[in-house]
Structures are given as C-alpha cells and as structure tokens.
Amino acid sequence: MSTTAESTSSANQTTTGALSFANVGKRYGEGPFAMQGFDLEVSPGELVAIVGASGCGKSTVLRMIAGFESHSEGEITLDGKHVSSPGPDRGFVFQDYGLFPWLTVAENVELGPKEKGLPRVERRGLVEQYLDLVGLGRVRDKYPHQLSGGMQQRVAIARVLANRPTVMLMDEPFGALDALTREQMQSDLSRIRRSVGTTVLFVTHSIEEAVRLADRVVIMTGGLSHGIPGHIRRIFDVTLGTDRDPTSVEFTDLERLISQEVHAQA
Ligand code: ADP
Ligand code: MG
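Just so we're aligned, residue 1363 is where the sequence shown starts under the working numbering, counting upward by one.
What follows is the structure in structure tokens.
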C-alpha cells in the first residue's frame, strides 16, 4: 500500500471498503477465459486506477465487483463478504452517465435513498448534501438534457454517493468530456473522494489521468485478441502527494514508465 493511501484512509477514519481479489478469472459462456489470475488487495479509502489496452478485461473486473457479472473462478470479497450480486454498498459511474431523462437532477439523486425506504426528510438531506458536494445545488430542479456532459456526470456521482457506498466503481467516467472539463472533474473527484473516504476503482485510457488521481496504478495486458487471458502486468505505487503537477519530472517519469508497460508485448 502506498503512503498516500495510508494518509488518506487515516484522515477519514475509513474502515470499510476493503476489496480483495484472489485468483479471479472470468469466461463468458463456454468461451476461453477473458481474464484470469487477478490478485489485488485494495485498502479502505484507496483510489486504484486500472489502465490497459482495449479488451484486456478492465470493464469485466469492475462489473464483477458490481455483481453485474459473475466470476468463473477465484474469490472477490468486500469487507470480508463474498461478492455475488449487486448491492447499494457498490456504486457504478458509467461513461454515458446513465441518468433517467424523465427525472429531475434531485429526483435522480434521490433514487437510491428512496429504494432503501428512507423517510422523505432524510432523503432530501442526502440530496442536498451530495449535490452541494459536487457543486450542483443550484440545478436541482433541472432535467439531465438541460445540463452539460460534465454536469450530468456530477449528478451521476452524487447519485452514487447518496447511497453511501463503500466502493465507487468508475468505468472511463470522463472519457466523453472535453479536456478542460475533464481536468476540472479530476480535481473535483480527488477532493470528493477524500471528503467521503470511499474506496474508488477507476478505469481509464489516459495514463496521465491515472497518475493524477490514483494511489496505485494497475496495468492490465493480454486479452482474447492476444490469445492469452487478460491479467495484471504490473502495479505502480504513486507517491506524488496530493498536489500533483503533471509537468513535474517525477510525474512525467512515472507516466513514461507506465506507458512503456502498457505498450509492451502482452
Ligand atoms: P476492456 O474494458 O479492458 O476493454 P472488457 O472487460 O470489456 O475489456 O472485455 C474483455 C473481453 O471480454 C473482451 O474480449 C470482450 O470481447 C469480452 N467480453 C466482454 N463482455 C462480454 C460479454 N458480455 N459476452 C462475451 N464476451 C464479452
Ligand atoms: Mg471497458
């Protein structure tokens, strides 16, 4: 575990959100293993980025944690409990936001608390709290189509957090945003996850994004098109502190190292 992760989790007194993968493998149907031999321990409050070429199994890993997909072998646990089906302790943020267009911003965020059967006052409190956290209190009565992509993704994040998950799973969440919005979202995500203490697994195509955000970067390689199951190639600790300068030598050196591993032969 990196020192950054230790300081993050102790600052928030986070004790839940420990994820463990032991020799996890996945085959779709009767086909060959899409990914295999996945071993990883994620500490409470840690942000782990997963990078790797298309098809190496990054989304599969997130979907198995979410319980959207079963795993074919090995074991996945969250705080010691086997993961087998979806639950409110794990929230998913998709690249295409996944908001309900017929519901207002506030109603979208209120969905989870409503499903849990929380009373109205409590639900409203959560909606205010998390819309404020993502900087969107003023658009609570608007509909998704009235918002920019970045704002819609903020709503999606607030909706996930209103469930008070212990793990937030993000699959290329900023991939559809323009560069400036993306940078703003990255720094907001850093602030938000420190404030809530949630464990985050973050899949991205951008190595720079991974180095900006993560405590650790997991590099996956292989996949069906390489004739070898997707697997972890290497894991890097990111010990750059909280205020990261993408133009610093330390940052660009790490970026280069990771890039070499990503582009090496499977
Ligand atoms: P990544 O997110 O790294 O691009 P995925 O996890 O989406 O990779 O996919 C890993 C492999 O599993 C790919 O070869 C993909 O075609 C295959 N795969 C993903 N989802 C399914 C599915 N529902 N049915 C069959 N094969 C799938
Ligand atoms: Mg994917």
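For each residue, glycine too, the CB sits at the ideal point set by N, CA and C.
* **Collapsed DSSP secondary structure at S1364 in the structure displayed** => At S1364 the pLDDT is 40, less than 50, meaning the model places this residue with poor confidence and gives no usable figure here.
* Could you pull the start and end residues of the beta strand (DSSP E) that E1431 belongs to? => Premise fails: E1431 is in no beta strand (DSSP E) and is neither H nor E.
* Between P1608 and the rest of its own chain, which residues show a CB-CB distance below 7 Å, the 5 nearest in sequence each way excluded? -> E1570 and R1574.
* Element boundaries [beta strand (DSSP E), containing E1385] -> Position check: residue 1385 holds Asn in this sequence, whereas Glu was assumed. Start and end: L1381 to R1389.
* To do: May I have a chain-ordered list of the alpha helix (DSSP H) segments no shorter than 4 residues that lie completely inside the region 1557 to 1595?
  => Here the runs fully enclosed are 1569 to 1575.
* To do: Flag V1455 as yes when its Cβ comes closer than 7 Å to any non-hydrogen atom of the ligand MG, and as no otherwise.
  => A distance criterion of 7 Å places the beta-carbon of V1455 beyond contact range of the ligand MG, judged by its closest non-hydrogen atom.
* Report the rounded CA-to-CA distance for V1562 versus V1483, giving the unit in angstroms. => Annotation: V1562 to V1483 spans about 28 Å, alpha carbon to alpha carbon.
* Distance between S1382 and S1432 (C-alpha atoms, nearest Å) -> Rounded to whole angstroms, S1432 to S1382 spans 15 Å at the Cα level.
* Please name the residue, chosen from W1464, V1423, L1461 and D1458, that lies closest to V1445 on a Cα-to-Cα basis. => Ranking the options by Cα distance to V1445, first place goes to V1423.
* Where do the N-terminal and C-terminal ends of the alpha helix (DSSP H) with V1404 fall, by residue? -> Unbroken run through V1404 is the beta strand (DSSP E), F1395 to V1404; no alpha helix (DSSP H).
* **Where T1543 sits in the DSSP three-state scheme** => Three-state result, T1543: helix.
* Asked: T1566 and V1413: beta carbons closer than 8 Å?
  -> At the C-beta level, T1566 and V1413 come within 8 Å of one another.
* To do: Return yes when the C-beta of T1422 is under 7 Å from any heavy atom of the ligand ADP, and no when it is not.
  => The answer is yes for T1422.
* Does the Cβ of V1471 lie closer than 7 Å to at least one heavy atom of the ligand MG? -> Distances between the C-beta of V1471 and the heavy atoms of the ligand MG are all 7 Å or more.
* **Straight-line Cα distance separating L1498 from R1516** => Each residue's Cα considered, the two are about 8 Å apart.
* Asked: When you compare only the Cα positions, how much space is there between W1464 and T1614?
  -> Cα to Cα, W1464 sits roughly 44 Å from T1614.
* Asked: At what residues does the beta strand (DSSP E) containing R1452 begin and finish?
  -> Per DSSP, R1452 belongs to the beta strand (DSSP E) from R1452 to V1455.
* Under 8 Å between C-beta atoms of Y1459 and Q1514 -> Yes; because the gap between Cβ atoms is below 8 Å, this pair is in contact.
* To do: Would you mind working out which of Q1457, K1388, S1434 and T1377 sits nearest A1538, comparing C-alpha positions?
  => Per the Cα distances, Q1457.
* Asked: Would the C-beta of S1416 count as close to the ligand ADP, meaning under 7 Å from any of its heavy atoms?
  -> Answer for S1416: yes, Cβ within range of the ligand ADP.
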